[in-house]
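Numbering (this note's numbering), first residue to last: 421 to 593.
Every residue gets a Cβ at the ideal spot worked out from N, C-alpha and C, and that includes glycine.
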Amino acid sequence: MNYKTERFGKAETRLWIFLFLISIIIVSNFAILSARGEKDAEMFAFNACGEGLAPSRKSSLLGHGLPDRKFSATSGFRLDEGYPRPRVFTPNGDGSNEQVTFEYENINESSIVCWIYDIRGSVVRQLDIVETGENRFTWDGEDEEGNIVPSGIYIYHIEVEGQTINGTIVLAK
């Protein structure tokens with residue numbers, strides 16, 4: 421029997437490795453979320469501008485909802501989707517839409533961490549929140565050094581006792 425082998429170039433090899441890693445990340449995230457046994461939640465897909473797409477009902481998933489949706493975690497944490505809606509803000513000093521605000525309720529004094537990432541996946545800012553009750557936290561478009569970040573799409577990742585909520589924010593100057 422003759423076996424034919426193909427050689428891939430460096431670019432093709434990198435592309436296959438990238439696609440393989442992305443598939444592992446997607447599968448592992450689904451497995452982690454589905455193994456938690458939380459209550460049903462609606463899960464929505466989002467495009468790059470943060471606009472909601474097709475909703476679906478999935479068991480044991482916590483996802484990111486459309487505006488005015490709230491998610492209750494078993495840890496006693498509830499997050500409103502934030503405003504302005506859509507989450508586009510302009511920290512340019514004109515007094516309008518200077519920051520993005522998230523309202524939350526923290527019943528059990530859980531430790532809450534919000535990371536803001538740029539589109540490349542680098543951490544831009546980390547916000548640690550420990551206040552209980554109904555409250556809010558904001559991001560003013562600044563990085564850890566206090567500099568206004570460039571215009572673009574940013575991802576927020578909020579973690580409360582191992583549960584996560586993710587979404588997008590658009591900063592336009």
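C-beta atoms of residue i and residue j nearer than 8 Å
i: Ser-538; j: Tyr-574; result: Residue identity differs from the one stated: residue 538 is Asp in this sequence, not Ser. Taking 8 Å as the Cβ cut-off, Asp-538 and Tyr-574 qualify as a contacting pair.
i: Glu-518; j: Asp-560; result: yes
i: Asp-563; j: Arg-540; result: no
i: Arg-498; j: Thr-588; result: no
i: Lys-593; j: Asn-512; result: yes
i: Leu-591; j: Gly-572; result: yes
i: Thr-584; j: Arg-556; result: no
Helix, strand or coil at residue i according to DSSP, with G and I counted as helix
i: Ile-532; result: strand
i: Arg-507; result: coil
i: Gly-587; result: strand
i: Asn-512; result: coil
i: Glu-581; result: coil
i: Ala-465; result: Bear in mind that the predicted position of Ala-465 carries a pLDDT of just 39, short of 50, making it unreliable; the figure below should be weighed with that in mind. Ala-465 falls in the strand class under three-state DSSP.
i: Asn-517; result: coil
i: Lys-593; result: coil
i: Leu-481; result: Only weak support is given to the placement of Leu-481: the predicted model assigns it a pLDDT of 29, under 50, and the value that follows is read from those uncertain coordinates. The answer is coil: DSSP assigns Leu-481 none of H, G, I, E or B.
i: Ile-575; result: strand
Residue-level contact to chain D via CB, residue i, 8 Å cutoff
i: Val-543; result: No chain D is present in this structure, which holds just one protein chain.
- Query: For the segment 549-569 against the segment 519-537, are there 3 or more C-beta pairs whose distance is under 8 Å?
  - Reply: Three or more Cβ pairs closer than 8 Å define a contact, and the segment 549-569 meets that threshold against the segment 519-537.
- Message: List, from N- to C-terminal side, the beta strand (DSSP E) runs of 3 residues or more that fit wholly inside the segment 528-573.
- Response: Taking only runs of at least 3 residues, the beta strand (DSSP E) segments lying wholly in the segment 528-573 are 532-537, 543-549 and 553-559.
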